[in-house]
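Per the UniProt record's numbering, residue 1 is the first one in the sequence shown, and the count goes up by one each step.
Think of the CB as a built atom: it goes at the ideal place given N, C-alpha and C, for glycine as much as any other residue.
Taking it in order: structure first as structure tokens, then the write-up.
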Amino acid sequence: MSSNTREIVASAPGKVNLHLGVGNARADGYHELVTVFQAVERRERVRIVVEDEAACVESGSVVVGMQTHFHVDVPDEDIDTPRNLTWRAVDAVVDAVRARSGVQGLSLPKAKLVVDKHVFVAGGMAGGSADAAAGLVAANAYLERYCGERLSEEDLYDLAVGLGADVPFALHGHTALGTGRGDALVEVLGRGTYWWVFCNPKIGISTGKAFETLDDLRHDNPALVPHLDTAALSQALVTGDPRELAKHLHNDLEAAAVAMRPRIAALITRIESETELVARAIVSGSGPTIAALCFDEDAARTLETVLRDSVEGVEVFCTSGPSAGAQLEA
Ligand code: C5P
């Protein structure tokens, strides 16, 4: 890094859905959800790097390139493109400030994006959404530094909604109830820290396909009703006891994930066989990652090692929740 290089750094959390209730399909292609998210300490970091403050652009994207450093397995496809949600998030903030200030040719320095990826790619933990949320926060600080303007929290939330259903929660963090597409959020009270092990069998599931599969399964099996009541889960969260929480974890999409990738069911059984360590294992979001709620930190660290050593073809890490939403880093 040269002495002239300036960096703005933000981070945002991955998530697990403690409850994921899927209701009807809507006209816009999304499903009505009743979900309780918990943000976890496994955080994505996004850096906006300005190498030369004098090299400016007056229109179009300020982003001249992007590089992802993977601390998880590298996906097959190149994700360092303008279609990446991080890149789109930065463009969205810049465009919104340009539109609002009405300044044609607002001069801003060119920037590179560097993403440190700690959350599985396409794993059901909203890693891409966390990148976007961190990108929104970093871009807001970049604008404040270089043109003295920034968007309000509400404006950032509106941009988050436009980027994806899970992006608002990655901005918000902690534990929250999501309704609508999962993006209308209300804080949920909770106590204590929960220890999780996330195990990704790397058998990619497209989120859209998982929702479609659930619709098909429900067509043939009326027992697969939507679970839209989170009252018991909310009460369990106040106890701070993983055993209580474990009883009320639920994911309607699990049936779809298991139908699409039967190995997931076997893995859940394998993980739950560690009865001294694990209170419950469920599919995280649309999968394929499995989230194992452990009795405490020691149990989670032991399970992480046990799974790494004994299960083929999986990626594993241990972390805790809840965690804060997207924020600037020193
Ligand atoms: O918002 P995001 O791009 O992450 O969603 C991916 C896909 O998942 C959507 O295109 C939609 O098919 C499905 N989805 C859904 N209902 C939701 C969230 C996502 O059907 N509430």
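Query, Result
"Regarding A165 and the ligand C5P, is the C-beta to nearest heavy atom distance less than 7 Å?", "yes"
"With H219 as the anchor, note down where its alpha helix (DSSP H) starts and where it stops.", "T207 to D220"
"Would you report the Cα separation of R218 and V34, rounded to the nearest angstrom?", "17 Å"
"For residue 346, is the classification buried or exposed, using 16 other Cβ atoms within 10 angstroms of its Cβ as the cut-off for buried?", "As shown, the chain starts at 1 and ends at 330. That puts residue 346 outside it, with no answer to give."
"Can at least three beta-carbon pairs, one atom from the segment 254 to 266 and one from the segment 199 to 219, be found at a separation below 8 Å?", "yes"
"Closest by CA to V114, which one among W196, A10, G124 and I203?", "A10"
"Among the residues of its own chain, which have a CB less than 6 Å from the CB of V94, if the five just before and after it don't count?", "V62"
"How is the beta strand (DSSP E) around H172 delimited, first residue to last?", "That residue, H172, is in no beta strand (DSSP E); its alpha helix (DSSP H) goes V167 to H172."
"Is it the case that the CB of Y30 approaches a heavy atom of the ligand HEM more closely than 7 Å?", "Within the structure as shown, the ligand HEM is missing, the only ligands being the ligand C5P."
"With 16 as the cutoff for other CB atoms within 10 Å, does D183 come out buried or exposed?", "buried"
"Return the residue from the list A176, V16, I8 and W196 that minimises the CA-CA distance to L303.", "W196"
"Sort G23, G14 and E7 by Cα distance to D215 and report the nearest one.", "G23"
"For A231, tell me which candidate among G190, F198, I205 and S284 has the shortest Cα-Cα distance.", "G190"
"Touching or not, the segment 122 to 132 and the segment 279 to 288, by the rule of three or more beta carbon pairs under 8 Å?", "yes"
"Assign R181 to one of three DSSP states: helix, strand, or coil.", "coil"
"Taking only runs that begin and end inside the UniProt domain \"GHMP kinase N-terminal\" (92 to 173), name each unbroken alpha helix (DSSP H) of 4 or more residues, in chain order.", "127 to 147, 153 to 163 and 167 to 172"
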